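Order-wise, the sequence lines are chains A and B.
Counting in the working numbering, the first sequence runs from 2 upward without gaps.
Counting in the working numbering, the second sequence runs from 2 upward without gaps.
All C-beta atoms in this analysis are idealised placements derived from N, C-alpha and C, irrespective of residue type, glycine included.
Treat the numbers as computed from the prediction; the structure is a model and nothing was measured.
2 protein chains.
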Amino acid sequence: MMPTVSRYRDFSKEFNVAKDKADLLQGTLDMLILKALSLGELHGYGIIQRIRQLSDEMLNVEQGSLYPALYRIEQKGWVSARWDVHDTGREAKFYKLTRTGRKQLETQEASWDRLVLAIAKVRQAT
Amino acid sequence: MMPTVSRYRDFSKEFNVAKDKADLLQGTLDMLILKALSLGELHGYGIIQRIRQLSDEMLNVEQGSLYPALYRIEQKGWVSARWDVHDTGREAKFYKLTRTGRKQLETQEASWDRLVLAIAKVRQAT
DNA sequence: ATCGATGCCTAGATTGTCAAAGCATGACAG
DNA sequence: CTGTCATGCTTTGACAATCTAGGCATCGAT
Chain A
2 MMPTVSRYRD FSKEFNVAKD KADLLQGTLD MLILKALSLG ELHGYGIIQR IRQLSDEMLN
62 VEQGSLYPAL YRIEQKGWVS ARWDVHDTGR EAKFYKLTRT GRKQLETQEA SWDRLVLAIA
122 KVRQAT
Chain B
2 MMPTVSRYRD FSKEFNVAKD KADLLQGTLD MLILKALSLG ELHGYGIIQR IRQLSDEMLN
62 VEQGSLYPAL YRIEQKGWVS ARWDVHDTGR EAKFYKLTRT GRKQLETQEA SWDRLVLAIA
122 KVRQAT
């Protein structure tokens, strides 16, 4: 046993730069989108703004993250989409929570709560 | 040799024990490892057990996640490693938090708190 | 005329986690 | 003695989600 040389890939080039804005953790975006939509029908770009606003500018969802996520979520039947014109006269794709989506939101929130609790337990250890 | 697939089998399903096991979200593992090591020097396998125990069995870190993470973390200088023999007489690779690692733990904990807060803000919206 | 904000979409890269496998040793039951 | 199990480290490959960085189009204001 006891190998002398490690052969894991070398990530040492990375340098940790402090960012003022927090990157989303994988798995949280769906919940945020569903939550945003639970407050009412909304189009993609509006979802980004709503999440940013509700989080006091702490969460910034990139478009390149959002739209694929919306597609994914729609495929799963958690939201339904339709093109519509909104007050400004511009067209946009409006998303609406389905019943399944609302269920899913509850599930994901419960999951999130469990994770937060579990991590809190670890962190409070002395 | 290797008995079919049994080694990593999830016995909670077979024994019908509701584990409520949460999958780790990407980005949380480093913090958990650093936290575990902040309680004292430990080897890899022990880190897994410690995290599982501290989280009341809610968090289960796979070996295939842990060891690459440890390597990554060591490359960043957050931990130092040395081979040693422990009380059982077996060899193991012991990891120890460096000063940089302790700072990093604080940073990641602050980050985590910010994320949890931000998500809480979104979630409490009506 | 230009420019920023709005609005949607995509390709590619990155990255972390997991599943699964291999190897090795010690303890212990049979 | 032999087999099995828990311990212990390593590696490969798959996978999924996010981000970067573009593209396109419309609109209002300068």
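Residues of chain A with a Cβ closer than 8 Å to the Cβ of B/Ala111 do not exist, since the nearest Cβ in that chain sits about 10 Å away.
Judged by DSSP secondary structure, B/Ser66 falls within the alpha helix (DSSP H) whose first and last residues are 64-76. Rounded to the nearest angstrom, the gap between the Cα atoms of A/Tyr46 and A/Leu67 is 9 Å. Rounded to the nearest angstrom, the gap between the Cα atoms of B/Ala82 and B/Glu42 is 9 Å. For the pair A/Thr127 and B/Lys36, the Cα-to-Cα distance works out to about 10 Å. Of all residues in the region 26-47 of chain B, those with a C-beta nearer than 7 Å to a C-beta of chain A are Leu26, Gln27, Gly28, Thr29, Leu33, Lys36, Leu40, reading in chain order. Between the region 99-110 of chain B and the region 24-39 of chain A, the count of Cβ pairs shorter than 8 Å is below three; the stretches do not touch. Under DSSP, A/Asp85 shares a beta bridge with A/Ala93. Of the other Cβ atoms in all chains shown, 16 or more fall within 10 Å of the Cβ of A/Ala119; this residue is therefore buried.
At least 8 Å separates the CB of A/Ser81 from every CB of chain B. Neighbours of B/Asp57 in chain A, taken as residues whose beta carbon is under 8 Å from its own, are Ala119, Lys122 in chain order. By the neighbour-count criterion, in which a residue is buried when 16 or more other Cβ atoms sit within 10 angstroms of its Cβ, B/His44 is buried. At a cut-off of 8 Å between C-beta atoms, B/Ile52 counts as an interface residue with respect to chain A. By the beta-carbon neighbour count (other beta carbons within 10 angstroms, threshold 16), B/Val80 is buried. Rounded to whole angstroms, the Cβ separation of A/Leu55 and B/Val123 is 4 Å, and the two are in contact under 8 Å. In the three-state scheme derived from DSSP, where H, G and I count as helix and E and B as strand, A/Leu43 is classed as strand. Closer than 8 Å to the CB of A/Arg115 there is at least one CB belonging to chain B.
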